[in-house]
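Numbering (the working numbering), first residue to last: 53 to 674. Working notes, beginning with the structure itself.
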DNA sequence: AGTTCACTCTC
DNA sequence: CAAGAGAGTGAACTT
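Spelled out as structure tokens, the structure:
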């Protein structure tokens, strides 16, 4: 897909510009904790020429605190002027930083060039600002290299000469250091101004046009609306019971110590690292490694690892042998370690909230909260692989994969979910879609499955009744396999998946899948249809017309390796479209209720087909 | 210091 | 003829 180079127009800049690009330089990435912006760069067009401005504050090297004086009145005016469009690269981050430091939010249109790049669906090697600007605007990255080299040297210098300086964890956290050591050093300013220019020009000279040419402007607008909702959600955060978590960690540590001693004794290896699957493999599978015959080692090899084809030591495999004491201990050790690490990780993200403008009431500050990031592109910008289907991801910490003891298939799962909960005086409203993906699949296939939904019948029972092999089974068991089959079929899986993930014997799974495809011919037809579309265009379109790329790599025999995934992308992508729209619409309604009806309610979490709201108790139904 | 692999948790 | 999408960790390896 080739883009026409956008011909640069001559924007007219009277006293105030129509668009500005904004970039912040900060003391780190933890916007909800103790990192702050120390520099702001702005770029705009004036009579067709790019102009920039730069504001900077000193950073106390002993505390890393930014020594704020004042903020430019002109910047404040522009930032809050609804007539001026604001362009960012990774907008939420800069918005968080600016709100936190100066209590200002952008008013008017907010656009994110990195998100625009993602919407354009051109597969980039990197979605970082520098790389995009180099590729599309031929802007070199020399100043970045100079800055990083200088900062690297400065950090080393401080490590020996100014040991009391509080340096950051990485180079990126110490850009302020240059000015601190040498007030005449303006490398950071040059870098900052250039980043704002990159952002502005990428928008104006490339993506604004590209979105139109590639017919994804609507997709982009939805993403921007979603982004503003996510911004508020991140700002609100989620309550974390820090004291209880701390106690739990101590308890888990004691549990760990017991099992560690037992395992090391049982395997007669005082230096064993139980976290090392390599070391465990030797003990569990190699003859003569462990002398303690009561452990009945070595274990029979029942599964090999995917890449290296070594005997697997994962929980599902070892579970078969939990009648062997040391195996049981190892599984428990793993479960506890996982839970403990999760809690420690949450603790690293605890926010003291004293600064947060998300709270109107001072007593709320006494509670601890965690403000995870919710990402529309990916948690990392410098990598090739971005979110494929449009689902949101969560990071720092990931709140979308917190263990659920009610559902988990793990062996010894610590309930870490219970350390999150509603703030005092609030309740949670958890809303989740019923069979969102299966519904979409039924909509796409039509036929019996769609009919079942329309008539309000249970789709899993529909499958059970229509697949003779399942119909002949005991009802509860049949429905369970039917449910897993439905899910497996959506994602283009087969009998192998049913066997490995759900324990359905392979020969039975084969019968079930073939009978399903016989009875629900329309599903096969739809899958073929999606695949053919992907083969023709290189992408599929979701129900809202958003494009999702399909990898058309071939194997050495010329066969497409991943084209079969087209229908799975269609379903997952469409589902994410729906949840994003739900977020935008519910939040818009909540915004109205907050303003006009003094209803205190907020969206705080989005987990794929689930939205969680925090609502003041008195507003709720009795 | 950076990469790959095995592993584990989610929807 | 194939389950998909993610974040994150630690170990063991290479540079």
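No residue lacks a Cβ here, since even glycine has one placed at the ideal position from N, Cα and C. Bear in mind that the values here come from a model prediction, so they are computed numbers and not experimental data.
Quiz item: Who are the Cβ neighbours of residue 436 in its own chain at under 6 Å, not counting the five residues just before and after it?
Solution: 177
Quiz item: Three or more beta-carbon pairs under 8 Å between the region 581-588 and the region 601-615, yes or no?
Solution: yes
Exercise. Return the residue from the list 491, 280, 101, 269 that minimises the CA-CA distance to residue 636.
Key: 280
Quiz item: Is the number of C-beta pairs between the region 269-283 and the region 162-170 that are closer than 8 Å three or more?
Solution: yes
Practice problem: Could you check if residue 570 is buried or exposed, using at least 16 other CB atoms within 10 Å of its CB as the buried criterion? | Solution: exposed
Quiz item: Any idea if residue 391 is buried or exposed, counting beta-carbon neighbours within 10 angstroms, 16 or more meaning buried?
Solution: buried
Quiz item: Cα-Cα, which of 650, 649, 666, 648 is closest to residue 656?
Solution: 666
Quiz item: Relative to the alpha-carbon of residue 572, which residue among 517, 620, 623 has its alpha-carbon at the smallest distance?
Solution: 517
Exercise. Would you list the residues sitting across from residue 654 in a DSSP beta bridge?
Key: 666
Self-check item: Cβ neighbours of residue 327 in the same chain (closer than 8 Å, five flanking residues each side left out)
Solution: 389
Self-check item: residue 68 in three-state terms, based on DSSP
Solution: coil
Quiz prompt | 3-residue-minimum beta strand (DSSP E) runs that sit fully inside the region 203-275, ordered along the chain | solution = none
Practice problem: Indicate the three-state DSSP secondary structure (helix, strand or coil) for residue 446 in the structure shown. | Solution: strand
Practice problem: Using three-state DSSP, classify residue 323 as helix, strand or coil. | Solution: coil
Quiz item: Using 8 Å as the threshold, is the region 415-435 in touch with the region 150-162, meaning 3 or more CB pairs across them?
Solution: no
Quiz item: Which residues bound the alpha helix (DSSP H) around residue 299?
Solution: 294-318
Self-check item: Pick from 133, 88, 136 that is closest to residue 117, judged by C-alpha positions
Solution: 88
Practice problem: Can you have a look at residue 644 and say buried or exposed, based on whether 16 or more other CB atoms are within 10 angstroms of its CB? | Solution: exposed
Quiz prompt | Coarse secondary structure for residue 375, derived from DSSP in three states | solution = coil
Quiz item: Is it true that the CB of residue 443 sits closer than 8 Å to the CB of residue 626?
Solution: no
Quiz item: Taking just the CA atoms, how far does residue 137 sit from residue 304?
Solution: 51 Å
Practice problem: Excluding the 5 residues preceding and the 5 following residue 333 in the sequence, name in chain order all residues of the same chain whose CB lies nearer than 7 Å to its CB. | Solution: 362, 363, 365
Quiz prompt | Alpha-carbon to alpha-carbon, residue 298 and residue 465 | solution = 18 Å
Self-check item: Option nearest residue 638 by Cα separation, candidates 664, 257, 619
Solution: 664
Quiz item: Grouping DSSP H, G and I as helix and E and B as strand, with all else coil, what is residue 99?
Solution: coil
Quiz item: Over what stretch of residues does the beta strand (DSSP E) that includes residue 481 continue unbroken?
Solution: 478-484
Practice problem: Rank 510, 481, 456, 476 by C-alpha distance to the C-alpha of residue 469 and give the top, closest one. | Solution: 456
Quiz item: In whole angstroms, what is the alpha-carbon distance linking residue 412 and residue 146?
Solution: The predicted position of residue 412 is uncertain, since its pLDDT is 49 and thus under 50; no value can be drawn from it.
Self-check item: Integer-rounded CB distance, given that residue 351 should sit under 8 Å from residue 336
Solution: 5 Å
Quiz prompt | Rounded Cβ spacing between residue 229 and residue 207 (contact assumed at less than 8 Å) | solution = 7 Å
Exercise. Check residue 393 in the structure and name its three-state DSSP category.
Key: helix
Quiz item: Do the region 94-110 and the region 68-77 make contact, defined as three or more Cβ pairs closer than 8 Å?
Solution: yes
Quiz item: Does the Cβ-Cβ distance between residue 533 and residue 564 come in under 8 Å?
Solution: yes
Practice problem: With DSSP collapsed to three states, give me the class of residue 593. | Solution: strand
Self-check item: Cβ shell of residue 409 (< 7 Å), same chain only, five flanking positions each side left out
Solution: Per-residue confidence for residue 409 stands at a pLDDT of 48, beneath the threshold of 50, marking its modelled position as unreliable; the derived number appears in the next sentence. The residues are 151, 155.
Quiz item: Near residue 113, which residues of its chain fall below 6 Å by C-beta distance, leaving aside the five closest residues on each side in sequence?
Solution: 217, 232
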